[in-house]
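The structure appears below as structure tokens.
Residue numbers (my numbering): 10 to 316.
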């Protein structure tokens, strides 16, 4: 397990270096910066804008700017947001917490629904239930998050009374979590149903039944454990899509999370803020994938022995 941890740490550092470098280059290639909008203000002179660029280091070469950012980031200093005039770590931290709460609820909801329906499917062995599950997988996989977000927004405008700030926040959180969970349900449910049905045909399942174990115990203690590793892989890989989907959901519903903040930062060419968001989001995805791999190793002795 120590070898696994060291390997994942090295991979994580390399991944963050590559992602941050690519993001920095793309932002530079896009042209303009956070101060370009000031050129349209007749009350601000070109000299003032140039002085501000020197203050924020925007007049330095690309390599020098990236190197300076990288050194500061390594010490925990992500700089100051040009648009919001507050430390990036403070702003991103509070917004990321909001996204984390919504994402955690969505992930819990998707896993719970998928596990329940998958277990019922293999225990009941009903064509009607299997047909309903296949239909659910098709609908949840084919419905875009944008459509679901707009539907949730329409419901909020119809249901919530005007001026109800507290109620609106709770509705945004619950509705956003459901919207984020819908595509995950299709992925998790398909993986669990097919995985469990394949495992139920194995010889050790027949042996467990021959011992007189109840069907619930056969499924929950034997079949499910074998099916968990592929599911954990899929769950770990879905975290990137979860963060990507939060951009749409938070922007449409008005939830103050990291996705909506990313849109604002990119539009305003706020390089320190964009880099801080990319760094935190990439680290979160790496952590999720690493956690999934550790859980796989804990669940399967053969994987632990391989490390």
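Note that CB positions come from ideal geometry on N, CA and C, so glycine has one too. Computed from a prediction, not measured in an experiment: that's the story for all the values here.
Provide the residue(s) that pair with residue 96 in DSSP beta bridges, ordered along the chain.
-> Counting from 1 along the chain shown, the entry for residue 96 is found at position 87. Partner(s): 89.
Could you work out which residue in 141, 91, 38, 131 is closest to residue 201 when comparing CA atoms only?
-> Walking along the chain shown from the start, residue 201 turns up at place 192. Nearest C-alpha to residue 201: 131.
With DSSP as the reference, label residue 70 as helix, strand or coil.
-> In the chain shown, the residue the question calls residue 70 occupies position 61. Coil, per DSSP.
Ordered along the chain, which non-local residues of its own chain (more than five positions away) have a Cβ less than 6 Å from that of residue 184?
-> Position 175 of the chain shown, counting from 1, holds the residue named residue 184. Excluding positions up to five away in sequence, the list reads 161.
Skipping 5 residues on each side, what residues in its chain have a beta carbon closer than 6 Å to that of residue 127?
-> Taking the chain shown and counting its residues from 1, one reaches residue 127 at position 118. So the list reads 201, 202, 205, once near-sequence residues are dropped.
Could you tell me the distance, in whole angstroms, from the CA atom of residue 269 to the CA atom of residue 261?
-> Sequence index remark: in the chain shown, residue 269 carries index 260 (1-based). Sequence index remark: in the chain shown, residue 261 carries index 252 (1-based). Our two residues, residue 269 and residue 261, have alpha carbons roughly 9 Å apart in a direct line.
What does a CB cutoff of less than 6 Å around residue 241 pick up in its chain, not counting 5 residues either side in sequence?
-> Start at 1 with the first residue of the chain shown, and residue 241 comes out as number 232. Taken in chain order, the residues that qualify are 301, 304, 305.
Residue nearest to residue 100 in terms of C-alpha spacing, selected from 279, 27, 166 | Walking along the chain shown from the start, residue 100 turns up at place 91. Checked all of 279, 27, 166; the closest Cα to residue 100 is 279.
Within its chain, find whatever has a CB closer than 6 Å to the CB of residue 285; leave out the 5 residues flanking it on each side and keep chain order.
-> Position 276 of the chain shown, counted from the first residue, corresponds to residue 285. Taken in chain order, the residues that qualify are 87, 97, 101.
Can you say whether residue 31 is buried or exposed, counting buried as having 16 or more other CB atoms within 10 angstroms of its CB?
-> Here the question's residue 31 lines up with position 22 in the chain shown. By the 10 Å Cβ count, residue 31 comes out exposed.
Do residue 103 and residue 287 have their C-beta atoms closer together than 9 Å?
-> The sequence position of residue 103 within the chain shown is 94, counting from 1. The sequence position of residue 287 within the chain shown is 278, counting from 1. Contact flag unset, no.
What are the boundary residues of the alpha helix (DSSP H) that residue 214 is part of?
-> Residue numbering aside, residue 214 sits at position 205 when the chain shown is read from its first letter. Run containing residue 214: 212-219, per the alpha helix (DSSP H) assignment.
Would you kindly check if the distance between the Cβ of residue 111 and the Cβ of residue 295 is under 9 Å?
-> Taking the first residue of the chain shown as 1, we reach residue 295 at position 286. Taking the first residue of the chain shown as 1, we reach residue 111 at position 102. Result no, Cβ atoms of residue 295 and residue 111 do not sit closer than 9 Å.
Leaving out five residues on either side along the sequence, give the residues of the same chain with a beta carbon under 6 Å from the beta carbon of residue 71.
-> Here residue 71 refers to the residue found at position 62 of the chain shown. So the list reads 37, once near-sequence residues are dropped.
Report, in whole angstroms, the separation of the C-beta atoms of residue 257 and residue 108, which I expect to be a contact under 8 Å.
-> Here residue 257 refers to the residue found at position 248 when the chain shown is read from its first residue. Here residue 108 refers to the residue found at position 99 when the chain shown is read from its first residue. Actually they are not in contact, since the Cβ atoms of residue 257 and residue 108 sit about 12 Å apart, beyond 8 Å.
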